[in-house]
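2 protein chains.
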Amino acid sequence: MRTLYHWPLDPASRQARIALGEKKLKFRLEPINPWSISEKYLALSPEGTPPTLVEATPDGQIVITGVRAISEYVEDTTSRHPILGPTPRDRAEARRLCSWFDEKFTQEVNAYLLHEKVEKIVTGGGNPDTAILRAGRDHLNFHLEYMVWLLEQRPWLAGHDFSMADIAAGAHLSCLDFLGEVHWKNWPRLKEWYQKFKSRPSVRPILADRVPGLTPPRYYADLDF
Amino acid sequence: MRTLYHWPLDPASRQARIALGEKKLKFRLEPINPWSISEKYLALSPEGTPPTLVEATPDGQIVITGVRAISEYVEDTTSRHPILGPTPRDRAEARRLCSWFDEKFTQEVNAYLLHEKVEKIVTGGGNPDTAILRAGRDHLNFHLEYMVWLLEQRPWLAGHDFSMADIAAGAHLSCLDFLGEVHWKNWPRLKEWYQKFKSRPSVRPILADRVPGLTPPRYYADLDF
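As given, the protein sequences belong to chains A and B, one line each in that order.
Every position in the first sequence, counted from 1, becomes a number in the numbering used here once 29 is added.
Every position in the second sequence, counted from 1, becomes a number in the numbering used here once 29 is added.
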């Protein structure tokens, strides 16, 4: 049996869910509020930050916190439906882009937009600051331009095949799309890629998640948007 | 031929150097000032943050930015002297701890101590703020306690073998040790581990690096400290 501790609008948790889904692994979801961590969860994961995967194995229980370690673990232990490409170059490029999204994108976009539009709502921290939103949107445009530049050279972000890089980028963009922050009509090449991403069976259940106090745009879960 | 773009007191750059060193791979070092990035480096790495590995291969040049992608790449392409353990559990634990240091430790310790004691000196940002230093030192104690707890159960941080987790932790602690921030006499078990880390041929050259304006403690590069 497998349990994934997650928070629905957390890009890292979404990546872990999609990675498990791509591998067709069955798992139970256990929601965590990142701003009000229980002692029980802390005892399991001293990091105190989802995602955490708990898996019963013949050698005892395995507990893994962190999206990179979880994604590598499922790739390491389940060879079907690879989420890293066939060559060292492909794998390096996918991992480079995962860090891009988990570090650079998180610092330059999420710390502005998700913080102002989600964390403040969930924690009762007041209204979003419009100057911070503006800065986050400028940064987002830079990142979307970079993604378009990559997709002009290759069908998927890291190369010929769908990979962890698409999972990382798609998970991040899906959270921003929940907030209506991606203006798809300005980004036709990106929209095409995101349509393919959204239609994957691993992604569909995530788009059905809702968070109290927040309403996504009407087109959010639609494949035609 | 291989080139590693790095900054001497950057824990991520140090990790990449140690990973290459563990694999006995030859490389040329190219210093980067993270606070004054050249156009040439940006053209190579849009991330704009060291470390970046550039490697000439029979299939053309490979450019990888980011410590996780670089470390995984050397493990992927050079099987001798593994830096990930033999079982999926070992590898998951090592990767979990790498994220611990690169995310949690960076946010809770480096953002306080390295920022105040290094970035401010290098960028002319004024004197360290004593309240911020105090908070960073409190956080550091929590992390050192956690490392001791792990090392009471295993010879190396992620298990039976030296791994990426030791490289990550050692690289971070070596930067703080350069600033005299680790009081080894309070941490005998940790000191024993750090002595073994310091004595590795991959680590020795790093301890010879100096940064203008900063002087490490006398014992910094000594194996007996």
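Note that the Cβ used here is the ideal one computed from N, Cα and C, for glycine as well.
Residues near Gly114 (chain B) by beta carbon distance below 8 Å, same chain, minus five either side: Close CB contacts of Gly114 (chain B) within its chain, under the 8 Å cut and outside five residues either way in sequence, are with Arg120, Glu122, Ala123, Ala187, Gly188, His189, Asp190 and Ser192 (chain order).
On the DSSP bridge assignment, give the partners of Arg57 (chain A) in chain order. DSSP links Arg57 (chain A) through a beta bridge to A:Thr32.
According to the Cβ coordinates, are Val151 (chain A) and Arg218 (chain A) closer than 8 Å? Taking 8 Å as the Cβ cut-off, Val151 (chain A) and Arg218 (chain A) do not qualify as a contacting pair.
Taking Cβ positions only, does Glu148 (chain B) come closer than 8 Å to chain A? Chain A contact via Cβ: absent.
Ranges of the alpha helix (DSSP H) found wholly within the segment 189–249 of chain A, counting only runs of at least 4: Listed in chain order, the complete alpha helix (DSSP H) runs (minimum 4 residues) inside the segment 189–249 of chain A are 193–207 and 217–227.
Just checking Gly153 (chain B) against the ligand SAH - is the residue's beta carbon closer than 7 Å to any of the ligand's heavy atoms? Annotation note on the ligand SAH: not contained in the displayed structure, which lists no ligands.
Opposing strand residues paired with Trp185 (chain A) [DSSP bridges]: For Trp185 (chain A), which the question treats as bridged, DSSP gives the partners A:Gly188.
How would you write the range of the beta strand (DSSP E) that Ile93 (chain B) sits in, first residue to last? Run containing Ile93 (chain B): Gly89 to Thr94, per the beta strand (DSSP E) assignment.
Between the Cα of Met30 (chain B) and those of B:His212, B:Pro87, B:Glu76 and B:Pro37, spot the shortest distance and give me the residue it belongs to. For the options B:His212, B:Pro87, B:Glu76 and B:Pro37, the alpha carbon positioned closest to that of Met30 (chain B) is the one of B:Pro87.
Following the continuous beta strand (DSSP E) through Thr86 (chain B), name the residue where it begins and the one where it ends. For Thr86 (chain B), the enclosing beta strand (DSSP E) covers residues Thr81 to Thr86.
Given that a residue counts as buried once 16 or more other Cβ atoms are within 10 Å of its Cβ, and exposed if not, what is Thr94 (chain B)? Taking all protein chains shown into account, Thr94 (chain B) has 16 or more neighbouring C-beta atoms within 10 Å of its C-beta and is therefore buried.
Can you give me, in chain order, the residues of the segment 119–130 of chain B that have a beta carbon less than 7 Å from any beta carbon in chain A? From the segment 119–130 of chain B, only Arg120, Ala121, Arg124, Arg125, Ser128 and Trp129 have a Cβ closer than 7 Å to chain A.
Is the beta carbon of Ile112 (chain A) sitting closer than 8 Å to the one on Ser128 (chain A)? Taking 8 Å as the cut-off, the beta carbon of Ile112 (chain A) is found no closer than this to the beta carbon of Ser128 (chain A).
With a cut-off of 8 Å, does the C-beta of Arg97 (chain B) fall near any C-beta of chain A? The beta-carbon of Arg97 (chain B) is placed less than 8 Å from the nearest beta-carbon of chain A.
Using 10 angstroms around the beta-carbon of Thr78 (chain B), count the other beta-carbons present and answer buried if the total reaches 16, otherwise exposed. With 16 or more Cβ atoms within 10 Å of its Cβ, Thr78 (chain B) is classed as buried.
What does Ile91 (chain A) touch in chain B if you count any residue whose Cβ is under 9 Å from its own? Ordered by position in chain B, the residues that pass the 9 Å Cβ test against Ile91 (chain A) are Pro117, Arg118, Ala121 and Glu122.
For the alpha helix (DSSP H) containing Tyr175 (chain B), list its first residue and its last residue. Run containing Tyr175 (chain B): Thr159 to Leu180, per the alpha helix (DSSP H) assignment.
Quick check: is the beta carbon of Glu101 (chain B) nearer than 8 Å to any beta carbon in chain A? The beta carbon of Glu101 (chain B) falls within 8 Å of a beta carbon belonging to chain A, placing the residue at that interface.
Under the rule that 16 or more other beta-carbon atoms within 10 Å means buried, what is Met81 (chain B), buried or exposed? The sequence given here places Thr at residue 81 (chain B); Met does not occur at that position. Counting Cβ neighbours within 10 Å, Thr81 (chain B) comes out buried, since at least 16 surround it.
For the structure I just gave you, are there three or more beta carbon pairs, one from the segment 38–53 of chain B and one from the segment 196–213 of chain B, closer than 8 Å? Yes, since at least three Cβ pairs between the segment 38–53 of chain B and the segment 196–213 of chain B fall closer than 8 Å, the two stretches touch.
Quick test of the definition: if touching needs 3 or more C-beta pairs under 8 Å, does the segment 202–209 of chain B touch the segment 37–46 of chain B? Three or more beta-carbon pairs drawn from the segment 202–209 of chain B and the segment 37–46 of chain B are found closer than 8 Å, and the two stretches are therefore classed as touching.
Sort B:Glu210, B:Ile61 and B:Gly153 by Cα distance to Asn139 (chain B) and report the nearest one. Measuring from the Cα of Asn139 (chain B), the nearest candidate turns out to be B:Glu210.
Against chain B, which members of the segment 161–189 of chain A pass a CB distance test of less than 7 Å? Look at the segment 161–189 of chain A: the residues with a C-beta under 7 Å from a C-beta of chain B are Tyr175.
Inter-residue CB distance, Val92 (chain A) and Leu73 (chain A) (contact presumed, cutoff 8 Å): Right, their Cβ atoms sit about 6 Å apart.
I'd like to know whether the C-beta of Asp105 (chain B) is nearer than 8 Å to at least one C-beta of chain A. Yes, its Cβ sits closer than 8 Å to a Cβ of chain A.
With the cut-off set at 8 Å, would you say Ala237 (chain A) and Arg43 (chain A) are in Cβ contact? No. Outside cutoff.
Among A:Ala160, A:Ile235 and A:Gly242, which one has its Cα closest to the Cα of Ile45 (chain A)? The sequence given here places Ala at residue 45 (chain A); Ile does not occur at that position. Of the candidates A:Ala160, A:Ile235 and A:Gly242, the one whose C-alpha sits nearest the C-alpha of Ala45 (chain A) is A:Ile235.
Does any CB atom of chain A fall closer than 8 Å to the CB of Phe195 (chain B)? Residue identity check: residue 195 (chain B) is Asp in the sequence provided, not Phe. Answer no: the Cβ-Cβ gap between Asp195 (chain B) and chain A never drops below 8 Å.
Which residue's Cα is closest to the Cα of Ile47 (chain A): A:Lys220, A:Arg166 and A:Phe226? Taking the Cα of Ile47 (chain A) as reference, the smallest distance to any Cα among A:Lys220, A:Arg166 and A:Phe226 is reached at A:Phe226.
Quick one: grab the DSSP three-state call for Leu71 (chain A). In the displayed model, Leu71 (chain A) falls within a helix according to three-state DSSP.
Quick one: what does DSSP say Glu137 (chain A) is sitting in, helix, strand or coil? In the displayed model, Glu137 (chain A) falls within a helix according to three-state DSSP.
What do you get for Glu68 (chain A), buried or exposed, if any count of 16 or more other CB atoms within 10 angstroms of its CB means buried? So Glu68 (chain A) ends up on the exposed side.
With a cut-off of 8 Å, does the C-beta of Glu76 (chain B) fall near any C-beta of chain A? Judged by the 8 Å Cβ criterion, Glu76 (chain B) is in contact with chain A.
What residue range does the alpha helix (DSSP H) around Lys47 (chain B) cover? The question names Lys, but residue 47 (chain B) in the sequence shown is Ile. Membership of Ile47 (chain B) in the alpha helix (DSSP H) is indicated by the continuous run Pro40 to Glu51.
Residue burial classification, Tyr248 (chain B) (beta-carbon count within 10 angstroms, cutoff 16): The residue is exposed, with fewer than 16 neighbouring Cβ atoms inside 10 Å.
Check His144 (chain A) in the structure and name its three-state DSSP category. His144 (chain A) falls in the helix class under three-state DSSP.
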